[in-house]
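Take 122 as the starting number for the sequence shown in our numbering and just add one per residue. Yeah, the Cβ is synthetic: ideal placement off N, Cα and C, and Gly gets one too.
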Amino acid sequence: MARIEYAPAPESRSVVHLRPSYGLFIDGEFVEPTLGEHYTSVNPADETALAEVSEGSAADVDLAVRAARRAFTRWSRMPGAERAKYLYRIARILQERAREFAVLETLDNGKPIKESRDTDIPLAAAWFFHYAGWADKLEYAGLGPDPRPLGVAGQVIPWNFPMLMLAWKVAPALAGGNTVVLKPAQTTPLTALLFAEVCQQADLPAGVVNIVTGHNDTGAAVVAHKGVDKIAFTGSTAVGRRIAEAVAGTHKRVTLELGGKGANIVFADAAIDQAVEGVVHGIYFNQGHVCCAGSRLLVQESIAEEFVARLKRRMGTLRVGDPLDKNTDVGAINSSMQLARISELADSGVAEGATMWQADCALPSRGFWFAPTLFTDVAQSHRIAREEIFGPVLSTLTFRTPSEAIEKANNTQYGLAAGIWTEKGSLILKMANELRAGVVWANTYNKFDPASPFGGYKESGYGREGGRQGLAAYLEGDRA
Ligand code: NAD
């Protein structure tokens, strides 16, 4: 199967109006950081500078938390139906400005425009619509007749789905009557800053949403601040562990959405081409920068050879390159640091004896790129089978029986997501029951819905985001 050549179909950059420099968004306004420090956010696809962004200090975090505390009094007492109007307004503005958000997300993150356009931004809007609907129905959150907001939520998010992770955090917090201080990831702050403009456009009361950009110390300052009542973190397990330690023994509530090493399990009776498609989507979507990526392929031994051959053929058709081109399937790696980590882990796979195969594709000379990669001859002890690579790298293992598949799939420190591919319904139910994963997809992968709770077992974190459970994480009530 040859790669079909398409004429370039670049999305226009001109829909985005970047400011040369951004302040912090505190108390409804953009303000300069107290220490006057800035850093540059770059486009990972070509390493060009996009904008200067403020480096928030502990003093800035303090200002943001104070603003959020002041705003909490009014926001938490506002009838839920009134809060809902703001959330609906934000959701509609996100839809109206979806193209602008999608282009900006792609510029700042490196993900293909068709993903930011068709997945990230529509889902972000959907999250606000969903939680707008909850704002006047908090008594149905499962916490008794009169649940109360927690107060000020400190929220720290990663770079892989910048705008979507913001929506996952901000929408339920606001619906419940909380106010927020959000720290976006250092490499992808720009859509959060555009969201700050949306808050202004929606006339959201000042201080309800505060956005403090910066590096890891800024996140640590949010976590450490005594005026924060709830910490919501999405990111790596290593940092999640540090945060759990930092909040232990304080009054702060915490939810952690951490890493994963999802198994995509293909049985011999599966519809093979659909399964190939699902496996490709499971690991090469968003360059594999997906916490719930199906980064371990478990394929039944009797079809392994044929499956891998078809998988390679399909991988050979993936178009890697300019993220703004509407034909692109796989974009840029988000940062040089992440590229170094992916390369190091791929090298370890070869060194430990696995066989590496890469799709034959020309990578751009500037920017951060890694070709879609497949490992076979992988042992469970290999690092590439155990550690989260967070890149476009798939490790293949085989199994003979369902119980062997379950044992191998569960043989991980993580427990975020898994996929099952079979025509047999009873097998799907048995597997789903026995897999230790927060989300199990059957004959599909990477499907998200704001009504559906998402979260992990084991070192993938604790707490759930999405649906009623995601709302309850921002409330306290008389019923646990
Ligand atoms: P990271 O943990 O390095 O950083 C995440 C965020 O935490 C960033 O904003 C960073 O500045 C901040 N941070 C770093 N150190 C901190 C500290 N000591 N205190 C407070 N904040 C701190 O992760 P990353 O590299 O940005 O993201 C990739 C990771 O995120 C992957 O492991 C991935 O699996 C995970 N992730 C999980 C989910 C999920 O829902 N489970 C979703 C997306 C990403």
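Collapsed DSSP secondary structure at residue i in the structure displayed
i: A472; result: helix
i: Y252; result: helix
i: G361; result: helix
i: S524; result: helix
i: K351; result: strand
i: F146; result: strand
i: R417; result: strand
i: L139; result: coil
i: V330; result: strand
i: L325; result: coil
i: L156; result: coil
i: E597; result: strand
i: V411; result: coil
i: E422; result: helix
i: F428; result: helix
Where residue i falls, given that 16 or more other Cβ within 10 Å makes a residue buried
i: S237; result: buried
i: R585; result: buried
i: A202; result: exposed
i: A558; result: buried
i: H372; result: exposed
i: G370; result: exposed
i: H346; result: buried
i: M458; result: exposed
i: H138; result: exposed
i: Y595; result: buried
i: V420; result: buried
i: Y261; result: exposed
i: S175; result: buried
i: S456; result: buried
i: R195; result: exposed
i: I364; result: buried
i: V136; result: exposed
i: E134; result: According to the sequence displayed, residue 134 carries Arg and not Glu. Looking at its Cβ environment, which holds fewer than 16 other Cβ atoms inside 10 Å, R134 is exposed.
i: Y405; result: buried
i: L550; result: exposed
i: I527; result: buried
i: S547; result: exposed
i: E422; result: exposed
i: R140; result: exposed
i: E426; result: exposed
i: N554; result: exposed
Whole-Å CB distance - residue i paired with residue j, under 8 Å assumed
i: Q88; j: A246; result: Because residue 88 is not part of the residues shown, which for the chain are 122 to 601, the question remains open.
i: A192; j: W255; result: Not confirmed; about 20 Å, so no contact.
i: A453; j: G231; result: 3 Å
i: L379; j: S357; result: 7 Å
i: L518; j: R417; result: 6 Å
i: L602; j: P131; result: The chain is shown from 122 up to 601; residue 602 falls before or after that span and cannot be answered.
i: G381; j: A414; result: 7 Å
i: A172; j: L311; result: 6 Å
i: G536; j: H503; result: So it is not a contact: roughly 20 Å between Cβ atoms.
Taking the runs of the beta strand (DSSP E) that are 3 residues or longer, which of them lie wholly in the segment 517–581?
-> 538–542, 560–563
May I have a chain-ordered list of the beta strand (DSSP E) segments no shorter than 3 residues that lie completely inside the segment 288–321?
-> 300–304
Alpha helix (DSSP H) segments (min. 4 residues) lying fully within the segment 158–221 = 179–198, 201–217
Return the chain-ordered ranges of every beta strand (DSSP E) run that is complete within the segment 437–503 and spans a minimum of 3 residues.
-> 476–479, 494–497
Identify every run of the alpha helix (DSSP H) within the segment 221–285, keeping only runs that are complete inside it and at least 4 residues long; order them along the chain.
-> 242–255
For the segment 362–406, list the alpha helix (DSSP H) runs that are entirely contained and at least 4 residues long, ordered along the chain.
-> 393–405
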